[in-house]
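Report on the structure given below.
Residue numbers (the numbering used here): 3 to 322.
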């Protein structure tokens, strides 16, 4: 697989497999990444391997490092109780994988964690045991694990926040252009906080708070809501799952966005450096934007070499 991808991207490996210590990898001689099993345009498991932007990115990174790719497919159902950042800390500490794409380049998402333990998600191929009640196999949950400091590579994309509106209705020009239409937002999310703080007081009665997750835009459709504020990749994923959706993505983008990199354990410096080198070459060659176009994902390039600072109510209220 790595040879095939290297041929596609048309560049030699950045770092040979021999340059990375076997101790730096979960499985010696290959790059193991954790990806969502059903992540829409981001990543997904297929009978022939995988699909999605982060799957393509992972393949290309492995190829540039001269390593075959091994994917651990995780369950990724986001709900109000889940925490992707904590799960990333848990998966890396458990040595389930070497690297996890899709990690925010944000001060609050790296370094020593603010909690000592975190819970692992389910994954395909996890250990199983006999259920004493049913005598059937069931997943043997690992539960909570001690976490370790995490770092993130340089960015390979930037996630942005946009507005979604219904087809054949006026396209909104921003949060000050609701035109007396209901605006759906997700509880406990950055986009939801921005909408709550920045919508004019006269329009706050138009806000509709909803549960977060992959079902959010489906509920927007079902409840016939006129507008929604979302991360742009979430809309792309919805459109891929529902090509006949009446929802459309407005051209407006909020000023607050987030560069996205690959999470690794902080003490795995050799791997982080190898990934940084591969990301730099792929970014310069335009491969990431090409992958996104082929997967039906709206792509934005990273904009900063610095981590985003922690958000405050003031920054969320003032950034436009």
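By construction, the Cβ of each residue, glycine as well, lies at the ideal position given by its N, Cα and C atoms.
>> Runs of 3 residues minimum, wholly inside the stretch 159-217: which ones carry the beta strand (DSSP E) assignment?
In response: Taking only runs of at least 3 residues, the beta strand (DSSP E) segments lying wholly in the stretch 159-217 are 159-161, 163-168, 185-188 and 209-212.
>> Alpha carbons only, please: which of 236, 219 and 294 is nearest the one belonging to residue 229?
In response: Numbered from its first residue, the chain shown carries residue 229 at position 227. When 236, 219 and 294 are compared, the shortest CA-CA separation from residue 229 is found for 219.
>> By the three-class DSSP mapping on this structure, what secondary structure does residue 315 have?
In response: If you number the chain shown from 1, residue 315 lands on position 313. Residue 315: helix per DSSP, three-state reduction.
>> Just verifying my parser: in three-state terms, what is the DSSP assignment at residue 303?
In response: One-based indexing of the chain shown puts residue 303 at position 301. Correct three-state label for residue 303: coil.
> Just the Cα atoms here: how many angstroms apart are residue 86 and residue 38?
Replying inline: Within the chain shown, residue 86 is the residue found at index 84, counting from 1. Within the chain shown, residue 38 is the residue found at index 36, counting from 1. Separation of residue 86 and residue 38 (C-alpha to C-alpha, rounded to the nearest whole angstrom) is 11 Å.
> If you follow the alpha helix (DSSP H) that residue 59 is part of, which residue opens it and which one closes it?
Replying inline: Start at 1 with the first residue of the chain shown, and residue 59 comes out as number 57. Segment 55-66, the alpha helix (DSSP H) holding residue 59.
> What number of angstroms, rounded off, separates the C-alpha of residue 233 from the C-alpha of residue 294?
Replying inline: Residue 233 sits at position 231 when you count from the first residue of the chain shown. Residue 294 sits at position 292 when you count from the first residue of the chain shown. Answer to the nearest angstrom: the Cα atoms are 15 Å apart.
> To which residues of the same chain is residue 248 closer than 6 Å at the C-beta, ignoring the five residues directly before and after it?
Replying inline: As a position in the chain shown, residue 248 is number 246, starting the count at 1. Cβ neighbours of residue 248 beyond the five flanking positions: 168 and 169.
>> Looking at the strands, I want to know which residues DSSP matches up with residue 75.
In response: Counting from one through the chain shown, the residue named residue 75 turns up at place 73. Looking at the DSSP assignment, residue 75 forms a beta bridge with 37.
> Looking at C-beta atoms only, is the number of pairs between the stretch 201-213 and the stretch 154-173 that lie closer than 8 Å three or more?
Replying inline: Two segments are said to touch when three or more pairs of C-beta atoms, one from each, lie closer than 8 Å; by this definition the stretch 201-213 does not touch the stretch 154-173.
> Can you give, in chain order, each stretch of the alpha helix (DSSP H) that sits fully within the stretch 252-283 and has at least 4 residues?
Replying inline: You should have found no qualifying run.
> By how many angstroms is the C-alpha of residue 198 removed from the C-alpha of residue 189?
Replying inline: Stepping through the chain shown from its first residue, residue 189 is reached at position 187. Stepping through the chain shown from its first residue, residue 198 is reached at position 196. Taking the CA atoms as reference points, residue 189 sits about 10 Å from residue 198.
>> In the DSSP assignment, the alpha helix (DSSP H) including residue 229 goes from what residue to what residue?
In response: Counting from one through the chain shown, the residue named residue 229 turns up at place 227. Per DSSP, residue 229 lies in no alpha helix (DSSP H) segment; the continuous beta strand (DSSP E) that holds it begins and ends at 229-233.
> Tell me which same chain residues have a C-beta within less than 7 Å of the C-beta of residue 104, skipping the five on either side of it?
Replying inline: What you label residue 104 is simply residue 102 of the chain shown in a count that begins at 1. The beta carbon of residue 104 sits closer than 7 Å to those of 44, 56 and 262, all from its chain and outside the five residues before and after it, given in chain order.
>> I'd like to check one pair, residue 284 with residue 62: are the Cβ atoms closer than 8 Å?
In response: To locate residue 62, count along the chain shown from 1; it is residue 60. To locate residue 284, count along the chain shown from 1; it is residue 282. Less than 8 Å divides the Cβ of residue 62 from the Cβ of residue 284.
>> Can you find the residues in the same chain that come closer than 7 Å, C-beta to C-beta, to residue 313, ignoring five residues on each side of it along the sequence?
In response: Walking along the chain shown from the start, residue 313 turns up at place 311. Cβ neighbours of residue 313 beyond the five flanking positions: none.
>> In chain order, what are the residue ranges of uninterrupted alpha helix (DSSP H) at least 4 long that sit wholly in the stretch 74-154?
In response: List check, alpha helix (DSSP H) in window: 86-95.
> Based on the DSSP output, what are the partners of residue 52 in its beta bridges?
Replying inline: The count along the chain shown starts at 1 and reaches residue 52 at position 50. Bridge partners of residue 52: 47.
> Is it right to say residue 50 is buried, meaning 16 or more other beta carbons lie within 10 angstroms of its own, or is it exposed?
Replying inline: The residue you call residue 50 lines up with position 48 of the chain shown. With fewer than 16 Cβ atoms within 10 Å of its Cβ, residue 50 is classed as exposed.
> Looking only at C-alpha atoms, which of 145, 183 and 100 sits nearest to residue 226?
Replying inline: Locating residue 226 in the chain shown gives position 224, where the first residue counts as 1. If we check each option's Cα against that of residue 226, 183 comes out closest.
> With C-beta atoms as the reference, is residue 149 less than 8 Å away from residue 186?
Replying inline: Your numbering for residue 149 matches position 147 in the chain shown. Your numbering for residue 186 matches position 184 in the chain shown. Result no, Cβ atoms of residue 149 and residue 186 do not sit closer than 8 Å.
>> I want to see whether chain C comes within less than 8 Å of residue 149, judged by CB atoms only; does it?
In response: Given the protein chain composition of this structure (a single chain), no chain C is represented.
> Got a sec, what are the start and stop residues for the alpha helix (DSSP H) residue 293 sits in?
Replying inline: Start at 1 with the first residue of the chain shown, and residue 293 comes out as number 291. Residues 289-297.
>> I need the straight-line Cα distance from residue 146 to residue 252, nearest angstrom please.
In response: The residue labelled residue 146 in the question sits at position 144 within the chain shown. The residue labelled residue 252 in the question sits at position 250 within the chain shown. As the crow flies, the alpha-carbon of residue 146 is around 41 Å from that of residue 252.
> Which residue from 26, 264, 269 and 130 puts its Cα closest to that of residue 278?
Replying inline: Along the chain shown, read from residue 1 onward, the residue named residue 278 stands at position 276. Nearest Cα to residue 278 within the set 26, 264, 269 and 130: 264.
> Run through DSSP, which three-state label would residue 286 get?
Replying inline: Locating residue 286 in the chain shown gives position 284, where the first residue counts as 1. Per DSSP, reduced to three states, the secondary structure at residue 286 is helical.
>> Restricting to Cα atoms, I'd like to know which of 171, 29, 159 and 311 is closest to residue 101.
In response: Sequence index remark: in the chain shown, residue 101 carries index 99 (1-based). Selected option, being the one with the closest Cα: 29.
> Does the distance from the C-beta atom of residue 1 to that of residue 109 stay below 8 Å?
Replying inline: Because the chain here runs from 3 to 322, residue 1 falls outside it and cannot be looked at.
> What are the partner residues of residue 250, as DSSP defines its beta bridges?
Replying inline: Mapped onto the chain shown, residue 250 falls at position 248. DSSP lists 167 as partners of residue 250.
>> Rounding to the nearest angstrom, what Cα-Cα distance links residue 82 and residue 213 in this structure?
In response: For the purposes of this step, residue 82 is taken as the residue at position 80 of the chain shown. For the purposes of this step, residue 213 is taken as the residue at position 211 of the chain shown. The predicted position of residue 82 is uncertain, since its pLDDT is 47 and thus under 50; a value taken from the coordinates is nonetheless stated next. Each residue's Cα considered, the two are about 7 Å apart.
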